[in-house]
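Remarks on the structure that follows.
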Amino acid sequence: MTNDGWHALDVKHIWHPCSQMHDYIDLPLLPIKSAKGVYLYDFEGNRYIDAISSWWVNLFGHNHPYINQKLKEQIDTLEHVLLAGLTHPQAINLAARLCALSGFEKCFFADNGSACVEVALKMSYHSHLLEGKQKPKFLSLENGYHGETLGALSVGAVGLYKDTYKELFCQHLQTPVPKNEADVPRALQALQVLLQKEHKNISAFILEPLIQCAGNMHFYSADFVKQATKMCQALGVHVIFDEIAVGFGRTGSLFAFEQCQVKPDFLCLSKGITGGYLPLAVVLTTNSIYEQFYAPYEQNKSFLHSHSYTGNALACACANATLDLFEQGVVEKNKKLSADISAHLQERLGSLKGVKNLRACGMVFAFELTGYKGTKRLSLAVFQKGLELGILLRPLADTIYFMPAYTITPQEVLESVGAMAQVVRALT
Ligand SMILES: *Cc1c(COP(=O)(O)O)cnc(C)c1O
1 MTNDGWHALD VKHIWHPCSQ MHDYIDLPLL PIKSAKGVYL YDFEGNRYID
51 AISSWWVNLF GHNHPYINQK LKEQIDTLEH VLLAGLTHPQ AINLAARLCA
101 LSGFEKCFFA DNGSACVEVA LKMSYHSHLL EGKQKPKFLS LENGYHGETL
151 GALSVGAVGL YKDTYKELFC QHLQTPVPKN EADVPRALQA LQVLLQKEHK
201 NISAFILEPL IQCAGNMHFY SADFVKQATK MCQALGVHVI FDEIAVGFGR
251 TGSLFAFEQC QVKPDFLCLS KGITGGYLPL AVVLTTNSIY EQFYAPYEQN
301 KSFLHSHSYT GNALACACAN ATLDLFEQGV VEKNKKLSAD ISAHLQERLG
351 SLKGVKNLRA CGMVFAFELT GYKGTKRLSL AVFQKGLELG ILLRPLADTI
401 YFMPAYTITP QEVLESVGAM AQVVRALT
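Under UniProt numbering, the first residue of the sequence shown is numbered 1, with each subsequent residue one higher.
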């Protein structure tokens with residue numbers, strides 16, 4: 001069947017995520033037949049560079065031989081079993097490895113990013129309650145994003161996703177994120193004022209360390225994260241780092257919090273955790289949180305939260321395979337790769353007049369497109385022009401970003417950067 005044929009069948013029954021279906025009247029859906037490395041292939045023999053790692057999940061390229069092999073081995077051994085009252089080696093090994101890598105002691109499984117944010121929020125609230133403290137509010141950063149279930153949406157700040165549902169939310173407060181390095185004292189001051197007034201009511205402060213990805217790839221100060229975390233923890237407010245997007249090497253260290261020289265009370269991980277193969281998420285936390293819940297059942301202290309696919313064996317096998325790949329010095333090798341990509345972007349895009357604020361943090365590259373000449377929504381225009389030129393781009397408002405797989409080759413970098421430059425020239 002052709003691309004158009006698949007499009008026609010698709011829109012009969014699929015309601016797509018994060019989409020206005022009306023757009024698909026004249027915006028062809030791109031049916032993907034197969035994928036390998038950084039390339040996606042459609043049904044008409046065209047290929048596209050996946051410049052956004054399929055919504056930031058695909059760390060080592062598509063169809064990776066090693067992850068494939070580990071997944072195939074697992075599928076012939078154990079596909080899934082519930083994790084209440086039962087356990088299995090893939091979940092055990094994964095939990096132990098994640099704890100060893102992050103310095104946490106306990107791992108609670110969930111099955112997607114939003115769900116693990118809900119877990120962290122509930123655990124934090126519940127643990128204060130077990131200490132006799134009723135703390136019904138959560139604090140988050142302006143411009144933050146934490147997922148789209150109701151609790152996660154409450155603590156997020158992206159109005160586009162949030163405003164419609166505001167009557168349904170749990171209690172939340174927001175504090176400014178620094179606009180730049182010079183703005184850090186103002187942001188810390190605002191946080192301090194807010195905490196002085198409200199800390200007794202706040203269970204936890206949730207933030208995405210270093211990069212607010214959905215918030216238009218806003219890079220901000222590690223020092224702010226450090227000082228803000230210390231301020232909260234000193235006042236008995238838990239800190240939750242949402243590393244769902246920035247974890248697993250994206251910011252240049254395995255976890256972003258390593259660059260901030262503080263340790264949160266909860267660490268949320270998902271997206272890249274399975275190398276982009278299957279949905280999985282975890283909340284990592286400390287023994288001291290865990291122990292508050294640990295008591296004879298009759299004392300009613302249990303954390304009774306569960307998802308059917310908690311700790312799915314296939315997903316855990318992919319996650320263990322992904323960690324195996326990290327053991328080959330990936331974070332270190334990415335330093336050079338990041339510098340090379342930055343240099344190419346600077347050279348090919350830096351001088352284009354439509355490109356503003358070209359920036360890089362680890363394996364995240366972004367810029368704002370200015371002077372757009374078209375009439376169609378900018379994000380749609382870039383998406384469409386990109387596909388014409390063989391690259392999958394999905395801007396956030398006017399921010400175009402490049403988040404490639406860590407396995408991208410020098411040739412593929414050149415091809416990507418060239419295609420992005422052509423997109424910019426065509427639209428400005
Ligand atoms: C994607 C994302 C989430 C939500 O994860 P889902 O798996 O899409 O529910 C939460 N927080 C951050 C920072 C994210 O980037």
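Using N, Cα and C, we set each Cβ at its ideal position, and we do this for glycine too. None of the values given here were measured: they were computed from a predicted structure.
Query, Result
"Bridge partners - Q171, DSSP secondary structure assignment", "None, per the DSSP bridge assignment."
"Environment of G247 [buried if 16+ CB atoms lie within 10 Å]", "buried"
"Sequence-distant residues of its chain with Cβ nearer than 8 Å to R97 (five each side left out)", "N320 and L323"
"Any non-hydrogen atom of ligand 1 closer than 7 Å to S270 Cβ", "yes"
"Cross-strand partners of I211 (DSSP beta bridge)", "F219"
"I92, buried or exposed, once every other Cβ within 10 Å from all chains shown has been counted against 16", "exposed"
"L30 versus F43 - alpha carbon distance", "9 Å"
"Neighbour-count burial assignment, P410, 16 or more Cβ in a 10 Å radius", "exposed"
"Contact under 8 Å by Cβ, K137 with I202", "yes"
"8 Å contact criterion, which L280 and D111 should meet: CB distance rounded", "6 Å"
"N112 CB to nearest heavy atom of ligand 1 below 7 Å", "yes"
"Distance, E415 Cα to T310 Cα", "40 Å"
"Those runs of the alpha helix (DSSP H) which lie wholly inside the stretch 29-76 and span at least 4 residues", "53-56 and 65-75"
"Other residues of its chain near T399: CB distance less than 6 Å, five sequence neighbours each side excluded", "N216, M217, A366 and E368"
"4-residue-minimum alpha helix (DSSP H) runs that sit fully inside the stretch 280-320, ordered along the chain", "287-292"
"Proximity test, H146 beta-carbon vs ligand 1 heavy atom, cut-off 7 Å", "yes"
"C-beta contact flag for S308 and G252 at 8 Å", "no"
"Check whether G37 and H62 have beta carbons under 8 Å apart", "yes"
"Cβ pair I67, G275 closer than 8 Å", "yes"
"Cβ-based burial, L9 [other Cβ within 10 Å; buried from 16]", "exposed"
"First through last residue of the alpha helix (DSSP H) which encompasses D340", "V330 to L349"
"Own chain, CB closer than 6 Å to V237, minus 5 neighbours either side, in chain order", "H199, I202 and F205"
"Counted within 10 angstroms of its Cβ, other Cβ atoms place S288 as buried (16 or more) or exposed", "exposed"
"Spatial distance of A426 from A187 (CA atoms)", "39 Å"
"Cα-Cα separation, N312 to D183", "43 Å"
"Residue burial classification, P28 (beta-carbon count within 10 angstroms, cutoff 16)", "exposed"
"Inter-residue spacing [alpha-carbon to alpha-carbon] between R394 and L210", "21 Å"
"Residue span of the beta strand (DSSP E) that contains R359, given as start and end", "V355 to C361"
"Residue ranges of each beta strand (DSSP E) within the stretch 86-150, 3 or longer", "106-110 and 137-141"
"Limits of the beta strand (DSSP E) - the one that A366 falls within", "V364 to L369"
"Where T399 falls: helix, strand or coil (DSSP)", "strand"
"Start-to-end residues for the alpha helix (DSSP H) that takes in L194", "V184 to E198"
"Beta-carbon gap between T175 and L194 smaller than 8 Å", "yes"
"Any non-hydrogen atom of ligand 1 closer than 7 Å to C318 Cβ", "no"
"Completely contained alpha helix (DSSP H) runs for the stretch 399-425, where each covers 4 or more residues", "none"
"Three-state secondary structure assigned by DSSP to S154", "helix"
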